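Inspection log for the structure reproduced underneath, given as structure tokens.
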Amino acid sequence: MTDQLYHERIVALAKARTGDGRLTAPERTAQRDNPLCGDRISLDLTLDAAGRIAALGHKVRGCLLCQASASVLSAVAVGRDADGVAALRADAEAALAGQGGGAYEAFAPVAAHKSRHECVLLPLQALTDAIVSRQ
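Using numbering that gives the first Met the number 0, the first residue of the sequence shown is number 0, and each one after it goes up by one.
This is the structure:
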């Protein structure tokens with residue numbers, strides 16, 4: 000099981016740590032926890048005048064899957080609005096269903112491990128929370 004979950008691409012994504020670190024002056028912040036495995040993400044963002052993500056930063060305390068997912072999210076979320084974030088979530092869910100997955104294609108092997116799906120989705124849930132919040 001571990002070999003399939005933590006394959007080379009997942010490890011590389013987690014090690015890249017894209018977007019790692021909190022923003023100094025975020026407009027919106029959200030925190031999400033996964034009580035089943037102990038993952039936690041704190042996510043900050045700023046939006047431009049059109050409501051698109053201008054900057055994103057995060058701090059993850061969690062498994063390799065959550066770290067890799069946060070890295071992917073940080074690489075592809077800037078410039079997206081709420082609809083664009085929903086499309087990213089659809090990509091992640093497609094990957095977890097074994098049906099491609101766009102930017103989240105590396106997570107396709109996780110499809111067989113339903114108990115780990117929340118690890119991949121946690122950063123997307125935090126981003127959705129931050130976008131809809133009115134801080």
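The beta carbon of each residue, even a glycine, is placed where N, CA and C say it ideally should be. All values derive from a computational prediction rather than experimental measurement.
- If you drop the 5 nearest sequence neighbours on each side, which residues of the same chain put their C-beta closer than 7 Å to that of Asp90? Position 91 of the sequence shown, counted from the first residue, corresponds to residue 90. Short of 7 Å from the beta carbon of Asp90, and not among the five residues preceding or following it, lie these beta carbons of its own chain, in chain order: Gly100, Gly101, Ala102, Tyr103.
- Item | Coil, strand or helix - Ala129 by DSSP | Within the sequence shown, the letter at position 130 stands for residue 129. If DSSP states are grouped into helix, strand and coil, Ala129 belongs with the helices.
- Query: For Val90, does the three-state DSSP call read helix, strand or coil?
  - Reply: Taking the sequence shown and counting its residues from 1, the one referred to as residue 90 is at position 91. It is Asp, not Val, that sits at residue 90 in the sequence shown. Three-state DSSP puts Asp90 in a helix.
- Query: Which same chain residues, not among the five before or five after Asp2, have their C-beta less than 6 Å away from its C-beta?
  - Reply: In the sequence shown, residue 2 corresponds to position 3, counting from 1. In this prediction, Asp2 scores a pLDDT of 48, lower than 50, which makes its location untrustworthy; no coordinate-derived value is stated.
- Alpha carbon of Ala55 to alpha carbon of Ala111, nearest angstrom: Position 56 of the sequence shown, counted from the first residue, corresponds to residue 55. Position 112 of the sequence shown, counted from the first residue, corresponds to residue 111. The residue asked about is misnamed: residue 55 is Leu in this sequence, not Ala. One C-alpha to the other measures close to 30 Å.
- Item | Given 8 Å, three or more beta-carbon pairs between the stretch 2-13 and the stretch 79-98 | Segments in contact, no.
- Query: Roughly how many angstroms separate the alpha carbons of Arg16 and Ala93, rounded to a whole number?
  - Reply: Along the sequence shown, read from residue 1 onward, the residue named residue 16 stands at position 17. Along the sequence shown, read from residue 1 onward, the residue named residue 93 stands at position 94. Whole-angstrom Cα-Cα distance: 23 Å.
- Going by Cα to Cα distance, which pick from Asp32, Ala76, Arg8 is closest to Leu46? By 1-based counting over the sequence shown, the position of residue 46 is 47. Proximity to Leu46 across Asp32, Ala76, Arg8 peaks at Ala76, based on C-alpha coordinates.
- Item | Of the listed residues Thr127, Lys14, Ser132, nearest to Leu64 (C-alpha basis) | Position 65 of the sequence shown holds residue 64. Taking only the C-alpha atoms, the option nearest Leu64 is Lys14.
- Message: Would Ala53 and Leu126 be called neighbours here (beta carbons separated by less than 9 Å)?
- Response: On the sequence shown, position 54 is the one that residue 53 refers to. On the sequence shown, position 127 is the one that residue 126 refers to. Cβ distance not < 9 Å, so Ala53 and Leu126 don't count as in contact.
- What is the rounded straight-line gap between the Cα of Ser70 and the Cα of Cys36? For the purposes of this step, residue 70 is taken as residue 71 along the sequence shown, with counting starting at 1. For the purposes of this step, residue 36 is taken as residue 37 along the sequence shown, with counting starting at 1. Each residue's CA atom was taken as its position, placing Ser70 and Cys36 some 19 Å apart.
- Message: Output needed for Ala11: all residues of its chain with C-beta closer than 7 Å, excluding positions within five of it in sequence on either side, in chain order.
- Response: Residue 11 sits at position 12 when you count from the first residue of the sequence shown. Correct list: empty, nothing qualifies.
- Item | For Val22, three-class secondary structure by DSSP | Here residue 22 refers to the residue found at position 23 when the sequence shown is read from its first residue. Going by the sequence as given, residue 22 is Leu instead of Val. Residue state, collapsed to three classes: coil.
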